[in-house]
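Peer 1: Got a structure for you, written out below as structure tokens; questions coming shortly.
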Amino acid sequence: MSEYSYWDETYIKIIVEQDLLWINNNSGLYLMEEYEYDFIVGVIALGMER
35 MSEYSYWDET YIKIIVEQDL LWINNNSGLY LMEEYEYDFI VGVIALGMER
């Protein structure tokens, strides 16, 4: 099994910057096409500080 993510960059792009283009390019469509996922789900706790 190969690693497909750098977690520090992932945290910054998703949680801190909320970079929708990066999210789509690096997790959404990428994972769905590369690994044949049917859907991707992201969860964040209400009231979570960035």
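Number 62 in the numbering used here belongs to position 28 of the sequence shown; there are no gaps in the numbering. For glycine and all other residues, C-beta sits at the position ideal for the given N, C-alpha and C.
(1) Once the 5 residues before and after Ile57 are set aside, which same chain residues still bring their CB inside 7 angstroms of it?
(2) If Ile78 and Ser61 are in contact, beta carbons under 8 angstroms, what's the gap, nearest whole angstrom?
(3) Which first and last residues belong to the alpha helix (DSSP H) in which Leu65 is found?
Peer 2: Looking at the atomic coordinates:
(1) Lys47 and Ile48, listed in sequence order.
(2) With a Cβ gap of about 14 angstroms, Ile78 and Ser61 do not count as contacting.
(3) For Leu65, the enclosing alpha helix (DSSP H) covers residues Leu63 to Glu68.
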